[in-house]
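Worksheet: one structure, shown below.
Numbering (my numbering), first residue to last: 437 to 704.
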């Protein structure tokens with residue numbers, strides 16, 4: 437252990453932090469505060485000043501560090517999972533307010549075995565949190581998924597033929613799949629428009645948001661049709677026997693509807 441005490445070695449205090457976005461420092465929550473250490477290089481040293489927060493990650497094991505930029509943090513937090521085609525491939529390592537105080541920068545760490553999935557043309561979007569709508573029609577709170585509520589989540593896709601991303605590349609973080617303009621448009625006939633809202637009602641699959649209702653039309657005869665923007669990674673699920681059913685969320689102040697999708701059967 438003494439060999440790890442070098443000039444670039446850093447120490448910081450780890451304490452639990454609880455919020456609606458989740459609990460960080462769970463081990464500290466169970467066993468009490470402790471001191472974290474990140475070994476460094478340089479000459480031997482025996483006197484250090486502890487940092488207030490964890491230091492920036494040192495990339496020495498093949499992981500990929502990229503930076504996402506957004507107007508605000510939303511319900512993301514350190515440890516929020518990053519998904520590619522519903523597979524966890526990384527996490528949010530840290531975040532900070534931009535120098536001009538007009539937004540946030542979110543540091544994302546992609547695991548070494550998944551770094552080739554991130555391209556220069558990749559687009560990232562938020563799939564997490566509670567969506568609250570306060571309007572003259574009433575207050576509505578929609579719980580998109582339990583996992584997303586606990587600690588937030590990000591998803592991304594990558595176009596074919598795009599060059600691989602490199603260390604410290606910057607990307608925008610879109611508020612949802614629809615705003616990323618990467619979704620596939622799916623048309624459907626709706627039983628009614630009650631409780632539905634354009635650019636708000638989510639399409640859920642296995643606890644993650646994989647699409648969003650983007651348009652509704654009242655046709656002659658009273659038939660209501662709609663268009664959903666769907667994550668390209670789940671388009672293969674949309675077969676002849678696939679069912680898209682309207683469901684009411686468990687957490688709601690005014691019983692708004694949401695959508696759930698499963699191949700051939702409704703998932704609980």
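Don't be surprised by glycine CBs; every beta carbon is placed ideally from N, CA and C.
With a 10 Å radius around the Cβ and a threshold of 16 neighbouring Cβ atoms, residue 601 comes out buried.
Bridge pairing for residue 445: absent [DSSP]. Judged by pairs of C-beta atoms under 8 Å, the segment 661 to 669 touches the segment 608 to 621, as three or more such pairs exist. Per DSSP, the continuous alpha helix (DSSP H) segment holding residue 614 begins and ends at 613 to 616.
The criterion of a C-beta distance shorter than 7 Å is satisfied by residue 526 and residue 546.
It is roughly 14 Å from the alpha-carbon of residue 591 to the alpha-carbon of residue 503. Of the candidates 544, 672, 440, 611, the residue whose Cα lies closest to the Cα of residue 508 is 611. For residue 515, there is no enclosing beta strand (DSSP E), as DSSP marks it with neither H nor E. Note: residue 593 is bridge-paired with 559 in the DSSP secondary-structure output.
Here DSSP, grouped into helix, strand and coil, assigns residue 607 to strand. Residue 562 sits buried, since 16 or more C-beta atoms from the chains shown fall within 10 Å of its C-beta. Taking C-beta atoms under 8 Å as the contact rule, residue 530 and residue 516 fail to qualify, at a distance of about 11 Å. Bridge pairing for residue 665: 621, 648 [DSSP]. For residue 506, the enclosing beta strand (DSSP E) has its first and last residue at 500 to 506. Distances from the CA of residue 554 to each of 476, 499, 660 were compared; the closest alpha carbon is that of 499. Proximity to residue 626 across 660, 536, 540, 599 peaks at 660, based on C-alpha coordinates. Secondary structure of residue 551 (DSSP, three-state): helix. For residue 480 against residue 446, the beta-carbon gap comes to about 15 Å, at or over 8 Å, which does not count as contact.
Taking a 10 Å sphere around the C-beta of residue 638, we find 16 or more other C-beta atoms and assign the residue as buried.
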